[in-house]
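Engineer:
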DNA sequence: ACCTTATTGATAATGATTATCAATAGCAAT
DNA sequence: ATTGCTATTGATAATCATTATCAATAAGGT
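Chains as they are written, first to last, in the working numbering: chain A, 351 to 521; chain B, 351 to 521.
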């Protein structure tokens with residue numbers, strides 16, 4: 351077992367000091383190096399990384415980390431409502447910080463059914479938020495359901511696939 | 351190999367005669383018994399069945415069907431835009447007719463993050479459709495993206511899990 | 001009834017995720 | 001700082017949904 355003594359977490363101050371992250375410690379959970387490292391990567395990679403993507407990036411600075419720890423850390427972050435787990439029918443999950451401290455902000459996705467490309471969009475986001483907020487209140491009341499998060503996704507065919515007549519998954 | 355000679359598809363006329371289904375034959379594809387059977391089950395089961403759910407139901411009337419055929423048929427139906435493939439992070443996919451001929455009609459989902467229960471809702475659907483239609487037009491233009499379908503999902507905690515303080519997946 | 005070729009289904013292979021369990025390391029108390 | 005308790009980690013094996021393969025079968029036009 352090799353521990354890289356040069357290992358240094360490039361802390362993202364904003365994130366690590368955030369209210370959300372501070373709640374980490376409050377419930378008997380421990381602020382371990384692997385957890386900081388995973389959260390740190392998530393705060394930088396807005397490309398809906400998979401578990402493997404995250405593992406590989408964390409591994410650069412922290413070679414002893416195991417895949418299992420990444421899985422478990424992500425599960426925790428999802429459970430705590432810090433991270434959303436997406437499933438775009440690729441056979442593996444993707445992850446994204448819900449309230450990104452300095453990134454895209456609130457956004458949704460267009461998903462190409464042919465090449466599986468995922469396009470972030472923020473068009474029209476204000477009108478949308480107005481409606482969704484109203485809808486959330488109503489749903490919470492009608493269904494006695496505490497809403498934490500929502501997603502809106504449009505499925506279709508992107509320009510590339512229309513132009514090239516792409517008929518297969520680009521993978 | 352046993353063929354049940356009493357096998358009889360309980361055809362859902364409305365569905366099998368629908369425009370969508372008629373397009374089946376137009377592209378060189380064949381209208382086989384397994385395909386009719388799968389579509390027939392989908393037209394009855396609005397409970398977001400998994401591949402196994404569908405397989406088991408089809409199997410009752412058509413014992414020689416293989417799981418593979420169900421997978422392949424569903425892929426086709428998804429490709430043709432008749433069926434939507436959902437992934438609620440359970441490790442397996444769920445399927446649903448997009449334009450149900452006699453059922454719920456257009457609806458969306460509340461997903462309990464604790465017990466994984468899926469609640470269909472139609473509240474507020476008119477206001478929603480108005481916004482979504484406007485949004486779709488704009489997105490199609492801005493991103494040169496042909497939209498076929500959309501989903502809106504709210505994640506949170508259902509009443510049962512709030513009341514009982516359920517802390518585990520009910521499974 | 002025949003022929004062409006799409007479709008089927010049994011089986012094996014893949015690959016993401018989960019289970020297991022001894023070793024390790026936070027962190028609270030001393 | 002050191003100790004002790006226990007949450008966490010990570011190597012390995014196990015699980016399970018989905019995909020690949022390929023010979024056998026059947027749809028639909030002729």
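Ideal placement from N, C-alpha and C gives every residue a C-beta, glycine not left out.
Output needed in chain order: residues of the region 431-450 of chain A with a Cβ under 7 Å from some Cβ in chain B.
Structural biologist: Cβ contacts with chain B: 435, 437, 439 and 443.
Engineer: Is residue 416(B) close to chain A? Criterion is C-beta to C-beta, closer than 8 Å.
Structural biologist: No, because no Cβ of chain A sits closer than 8 Å to the Cβ of residue 416(B).
Engineer: Is the Cβ of residue 509(B) closer than 8 Å to any Cβ of chain A?
Structural biologist: Output row for residue 509(B): interface = yes.
Engineer: For residue 457(B), which of helix, strand or coil comes out of DSSP?
Structural biologist: Residue state, collapsed to three classes: coil.
Engineer: Please work out which residues of its chain come closer than 8 Å, Cβ to Cβ, to residue 486(B), disregarding the five sequence neighbours upstream and downstream, and give them in chain order.
Structural biologist: Taken in chain order, the residues that qualify are 497 and 500.
Engineer: Beta-carbon of residue 502(A) versus every beta-carbon of chain B: anything under 8 Å?
Structural biologist: Chain B, which has a Cβ nearer than 8 Å to the Cβ of residue 502(A), makes this yes.
Engineer: Is the Cβ of residue 391(B) closer than 8 Å to any Cβ of chain A?
Structural biologist: It does not: the Cβ of residue 391(B) has no partner Cβ on chain A nearer than 8 Å.
Engineer: With a threshold of 8 Å between beta-carbons, can residue 476(B) be considered close to chain A, or not?
Structural biologist: For residue 476(B), the answer is no, since every Cβ of chain A falls outside 8 Å of its Cβ.
Engineer: To test your reading of the DSSP string, which unbroken alpha helix (DSSP H) runs of 4 or more residues are found completely within the region 392-445 of chain A?
Structural biologist: The region 392-445 of chain A contains these whole alpha helix (DSSP H) runs: 401-411 and 417-429.
Engineer: Of the residues that make up the region 481-502 of chain B, which ones have a beta carbon closer than 9 Å to any beta carbon in chain A?
Structural biologist: Residues 481, 482, 484, 485, 486, 488, 489, 490, 492, 493, 494, 495, 496, 497, 498, 499, 500, 501 and 502.
Engineer: So what's residue 489(B) in DSSP terms, helix, strand or just coil?
Structural biologist: It is helical.
Engineer: Report buried or exposed for residue 452(A), applying the criterion of at least 16 other Cβ atoms within 10 angstroms of its Cβ.
Structural biologist: Here residue 452(A) scores only 42 on pLDDT, less than 50, and its place in the model should not be relied on; the value that follows carries that caveat. It is exposed - the Cβ of residue 452(A) has fewer than 16 other Cβ atoms within 10 Å.
Engineer: Buried or exposed for residue 386(A), going by 16 or more other Cβ atoms inside 10 Å?
Structural biologist: By the neighbour-count rule (16 or more Cβ atoms within 10 Å), residue 386(A) is buried.
Engineer: For residue 390(A), count neighbouring C-beta atoms within 10 Å of its own C-beta (all shown protein chains included) and say buried if the count is 16 or more, exposed if not.
Structural biologist: Under this definition residue 390(A) is a buried residue.
Engineer: Buried or exposed for residue 402(A), please, with buried defined as at least 16 other CB atoms from any protein chain shown within 10 angstroms of its CB.
Structural biologist: That one is exposed.
Engineer: Measure the alpha-carbon distance for residue 407(B) versus residue 380(B) and round it to whole angstroms.
Structural biologist: Rounded to the nearest angstrom, the two C-alpha atoms are 22 Å apart.
Engineer: How many Å lie between residue 423(A) and residue 445(A) at the Cα?
Structural biologist: Going by the C-alpha atoms only, they are around 12 Å apart.
Engineer: Starting from residue 500(B), follow its DSSP beta bridges and name the residues at the other end.
Structural biologist: In the DSSP output, where bridge partners are listed per residue, residue 500(B) has 504(A).
Engineer: When you compare only the Cα positions, how much space is there between residue 463(B) and residue 398(A)?
Structural biologist: If I take the Cα positions, the gap works out to 20 Å.
Engineer: Closer than 7 Å by C-beta to residue 421(B): which residues in its own chain qualify, once you throw out the five before and the five after it? Chain order, please.
Structural biologist: Answer for residue 421(B): 401, listed in chain order.
Engineer: DSSP on residue 381(B), reduced to helix/strand/coil?
Structural biologist: Three-state result, residue 381(B): coil.
Engineer: Where does residue 470(A) sit, in a helix, a strand or coil, going by DSSP?
Structural biologist: DSSP places residue 470(A) in strand when its eight states are reduced to three.
Engineer: Tell me whether residue 479(B) is buried or exposed, calling it buried when 16 or more other Cβ atoms sit within 10 Å of its Cβ.
Structural biologist: Exposed: under 16 other Cβ atoms inside 10 Å.
Engineer: Where does residue 544(B) sit, in a helix, a strand or coil, going by DSSP?
Structural biologist: What is shown of chain B runs 351 to 521, which leaves residue 544(B) out entirely.
Engineer: Pick helix, strand or coil for residue 451(B), following the three-state DSSP scheme.
Structural biologist: Note on residue 451(B): pLDDT 43, under 50, position unreliable in the model; the coordinate value appears next. Correct three-state label for residue 451(B): coil.
Engineer: Just to confirm before moving on: does the CB-CB distance between residue 433(B) and residue 447(B) stay below 8 Å?
Structural biologist: In this structure, residue 447(B) lies closer than 8 Å to residue 433(B) by Cβ.
Engineer: Measuring only between beta-carbons, confirm whether residue 460(B) sits less than 8 Å from chain A.
Structural biologist: For residue 460(B), the answer is yes, since a Cβ of chain A falls inside 8 Å of its Cβ.
Engineer: Mark residue 416(B) as exposed unless 16 or more other C-beta atoms lie within 10 angstroms of its C-beta, in which case mark it buried.
Structural biologist: Looking at its Cβ environment, which holds fewer than 16 other Cβ atoms inside 10 Å, residue 416(B) is exposed.
Engineer: According to DSSP, is residue 494(B) part of a helix, a strand, or is it coil?
Structural biologist: Here residue 494(B) sits in coil by DSSP.
Engineer: Rounded to the nearest angstrom, what separates residue 431(A) and residue 382(B) at their Cα positions?
Structural biologist: Spanning the two alpha carbons is a distance of roughly 46 Å.
Engineer: Could you tell me the alpha carbon to alpha carbon distance between residue 442(A) and residue 418(A), rounded to whole angstroms?
Structural biologist: One C-alpha to the other measures close to 15 Å.
Engineer: Between residue 404(A) and chain B, is any beta-carbon pair separated by less than 8 Å?
Structural biologist: False, the Cβ-Cβ gap to chain B never drops below 8 Å.
Engineer: Taking 8 Å as the cut-off, decide whether the C-beta atoms of residue 473(A) and residue 494(B) are in contact.
Structural biologist: No, Cβ-Cβ distance for residue 473(A) and residue 494(B) is not below 8 Å.
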